[in-house]
Amino acid sequence: MRVLALLLATLAVGLMAIGITLYLSWQLEGGGAAINAAGSLRMRTYRMALTLEHYASTHGPQLNARLREEDADFRQTLDLLRKGDPRRPLYLPDTPAVRQRFAEIEQDYARLSRHWFLPIESGQRLQDWQAFRTDADQFVDRINDLVLSIEQLNTRRTLWLRSSQMFLVAMAIAGAFAQIYLMFLLIFRPLERLRGGISRMTEKDFTVRLPVESRDEFGEVQHSFNRMADRLEEAYGSLAQRVEEKTAALNAQNGELSLLYDVVAFVNRPQTSQNLCQGVLERLVTWFGADAGSVRVIDPLNQSAWLMTSVGLPESLQEAEVCRRHEGCHCAPAREGEVVIVQMRPHPLQPQSICAEAGFLQVSAFPISAGDNHLGVITLHFADKRDVSERETQLLTTLGQHLGIALDNLRLAARDKELAVSEERNLMAQGLHDSIAQGLSFLNLQVQMLDDSLKRDATAEAQEIVPLLRAGITESYEDVRELLLNFRTRLQEGDLPGSMQTVIDKFRKQTGIATSLKLTGQGRPLLADQQLQLLFILQEALSNVRKHSQATLVEVTLHNDTPLELMIRDNGRGFDEAEMARRAERHVGLNIMRERAERLGAQLDLINDKGVSVVLTMQRAAVTQGEGANV
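Going by the UniProt record's numbering, the letters in the sequence shown line up with residues 1 to 631, in that order.
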């Protein structure tokens, strides 16, 4: 604002001086033109006087016309001086002395016209030539006085013009020096101070401060510089401390990540739940510097917490009844998913807790959870107070979740094994199907009949029963042997065709039935479990052929493509569909094959046409399920 005000003031003064100069120049020019016009009146006066003398002597018409013309020019010049001409410019100076002299000239010219010009023009003779000339000379003297007054006024104005020009020169010089000084005072000096402050700050001299001498823009910059210097000095002074704090925080985070990765890698190893809990607890006790620790799992039936493992825990706490119950224990809320940090403060009116009696000042408990299921509690015991930060609390909670997931996976794995054993036992029970049960029932009936015949001494009947007993025993023996062979069947990895050929060869040797195997298609290999189920279906189908078909030829075809198709076809007698539907529940072997087909996600069909064809159809989506396993 100050720079702007200075520039505007300088501009105003300069414009005013220039205006005065222009005004004086215009007045001088107009005055010079007025001097020329007034000076021409002297010449016109003498010319008119000569013309008048000649006319008075001769009275010629040409002289009369010229006299009138000269009078008109004289009067026109007077009118021009009176009114002025802005275009030239020309005007008389507007001063009383000049105006007075010009008025006297107009009055004298009017008098001369009345006294001399008009009478002579009208035809009178000029009597006193000497008086006429004297009067004309006096009139010219008055014109000279007017010209001299205008010249004197122009001389003064010329002096004023030169003075104003000198003033302009002086003002330009003074303005230049003033602007240089003000620029130095308002801009260059603050910039130099700012440059010096920045230079000192570059040399790490954060004590530098700039004086704030004004409230203008540079004052704001200097104030901002001082605030920046304060912050830099404070930041540089605490830099080492902040670096140490950041380094410590990074080390703590790295330690937490190392612990987290170590625990995650450990819980993913195959091991027992006891070893799993022991390994995690030992790592937590070591990392947190705890004096003791324990892992307790929750019994979902009676909501009791049973000790799984412990480190450094006194015997009084290992089997304490209060630690098992849900009520009365400091760690009980952790069983519901809460984080518990308790400091034992002795109170003279209240009995000490069992943890305080064991010498622990602080107990921290964290839940072991898998999803929404709370499986147990990790407890850390400290003999002294130990602050547990929010980050450490989150870390312990995360580790508890990983441990809970690992324990839950062990439970699921144990349950899967139990289920697998149960399914295998069920399959074994189904394997002892109706042929063996019917054979044993037949043998029991024949034995009763033999006993009755012997009691009645019916030797002939007894002799007829003995071959039937021998045939029944032989058939039951073959059934048991076939089941034993089926139970002992092992599938070599990726060798389904070889295993199928082995089963077919055993069937051919056992029954003497011509059996062939045909393999087509170049589809993706099946998973091991799928191959085993196909092998069991083949064994069951061949067993049914042996028992019921009376066939002489069996053809086995495996088309490994999309879809996969297994067909076992014989040329036997077929089956009665009505009888088959009536005894559907008693055909255990057929039910076994259908259950195995359902486990494969396949479809099992029986075709009763000139023998029986067992057709298993499985889409490729079902075949590739679980891709990535060993095949």
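Note that CB positions come from ideal geometry on N, CA and C, so glycine has one too. Predicted, not measured: the structure shown is a model, and the values here were computed from it.
Proximity to residue i [Cα-Cα], best of the options
i: F132; options: L375, A178, F74 and L50; result: L50
i: V264; options: L284, T247 and A252; result: L284
i: L80; options: N409, R456 and A37; result: A37
i: P93; options: R114, A34 and N560; result: A34
i: residue 683; options: L468, L410 and G472; result: Only positions 1 to 631 of the chain appear in the structure, and residue 683 is not among them; the question remains open.
i: A597; options: G572, Q533 and S549; result: Q533
i: E217; options: C277, S238, L194 and A110; result: L194
i: Q271; options: M16, Q100, L191 and L407; result: L407
i: S163; options: A240, A17 and G255; result: A17
i: residue 670; options: D416, P497, F536 and A541; result: The structure shown has nothing for residue 670, since the chain only spans 1 to 631.
i: G123; options: P61, D452, V98 and T562; result: P61
i: I537; options: L600, N571 and T552; result: L600
i: F602; options: M618, N608 and S613; result: Residue identity check: residue 602 is Ala in the sequence provided, not Phe. If we check each option's Cα against that of A602, M618 comes out closest.
i: A290; options: T10, Q241, G312 and M580; result: G312
Own chain residues within Cβ distance below 7 Å of residue i, not counting five before or after
i: G628; result: Because G628 sits at a pLDDT of 37, beneath the cut-off of 50, its placement in the model cannot be relied upon, and the point is left open.
i: P89; result: W26, E29, G30 and A33
i: D299; result: W306
i: T358; result: The sequence given here places Ala at residue 358; Thr does not occur at that position. These residues qualify, in order along the chain: P314, S316 and L317.
Terminal residues of the alpha helix (DSSP H) in which residue i lies
i: M43; result: R2 to T58
i: R283; result: S273 to F288
i: residue 641; result: Look at the range of the chain in this structure, 1 to 631, and you will see that residue 641 is not part of it.
i: L317; result: E315 to Q318
i: A383; result: Unbroken run through A383: none, as it is neither H nor E.
i: A356; result: I354 to E357
Burial state of residue i (16 or more Cβ within 10 Å)
i: D137; result: exposed
i: residue 696; result: Because the chain in this structure spans residues 1 to 631, residue 696 falls outside the shown range and cannot be described.
i: V556; result: buried
i: S310; result: buried
i: L491; result: Its pLDDT being 47, under 50, L491 is placed unreliably by the model, and the measurement read from it follows with that caveat. Buried, by the Cβ-count rule.
i: Q463; result: exposed
i: T247; result: exposed
i: V466; result: exposed
i: F225; result: buried
i: M593; result: buried
i: L7; result: exposed
i: H115; result: exposed
i: Y181; result: exposed
i: V267; result: buried
i: G611; result: buried
i: L553; result: exposed
Residue range of the beta strand (DSSP E) that includes residue i
i: F266; result: Not the beta strand (DSSP E): F266 falls in the alpha helix (DSSP H), residues L239 to V267.
i: A370; result: Q362 to A370
i: L616; result: V612 to M618
i: A292; result: A292 to D299
i: A332; result: Neither: A332 is in no beta strand (DSSP E) and is coded neither H nor E.
i: V342; result: V340 to Q343
i: S304; result: S304 to V311
i: D605; result: Q603 to N608
Residues of its chain near residue i, where Cβ-Cβ distance is below 8 Å and the 5 sequence neighbours each way are ignored
i: A5; result: none
i: residue 632; result: The requested residue 632 is not part of the displayed model; the chain covers only 1 to 631.
i: Y46; result: A136 and V140
i: M449; result: E461 and I465
i: V447; result: L469
i: I120; result: L52, Y55, A56 and L126
i: Q274; result: M308 and T309
i: E233; result: F206 and T207
i: L454; result: A462
i: residue 634; result: With the chain represented from 1 up to 631, any question about residue 634 goes unanswered, as that position is not in the structure.
Short CB-CB distance (under 9 Å) between residue i and chain C
i: I354; result: Judged by its chain identifiers, the structure shown contains no chain C, having just a single protein chain.
Residues near residue i by beta carbon distance below 6 Å, same chain, minus five either side
i: A365; result: C331, A334, V340, V377 and T379
i: M48; result: E70
i: G219; result: V212
i: W287; result: L259
i: A370; result: G404, I405 and D408
i: S549; result: D570 and G572
i: N560; result: G521 and G523
i: residue 685; result: Past the boundaries of the shown model lies residue 685; the chain is included only from 1 to 631, so the question cannot be answered.
Residue i: CB within 8 Å of a non-hydrogen atom of the ligand FMN
i: R156; result: Questions concerning the ligand FMN fall outside what the structure shown contains, since it holds no ligand whatsoever.
Start-end ranges of the alpha helix (DSSP H) lying completely within the segment 485-564, minimum 4 residues: For secondary structure counted as the alpha helix (DSSP H) over 4 or more consecutive residues, the segment 485-564 holds these complete runs in sequence order: 496-511 and 528-544.
4-residue-minimum alpha helix (DSSP H) runs that sit fully inside the UniProt domain "HAMP" (185-237), ordered along the chain: Segments of the alpha helix (DSSP H) lying fully in the UniProt domain "HAMP" (185-237): 189-202 and 217-237.
4-residue-minimum alpha helix (DSSP H) runs that sit fully inside the segment 68-139, ordered along the chain: Complete alpha helix (DSSP H) runs here, min 4: 96-112 and 118-121.
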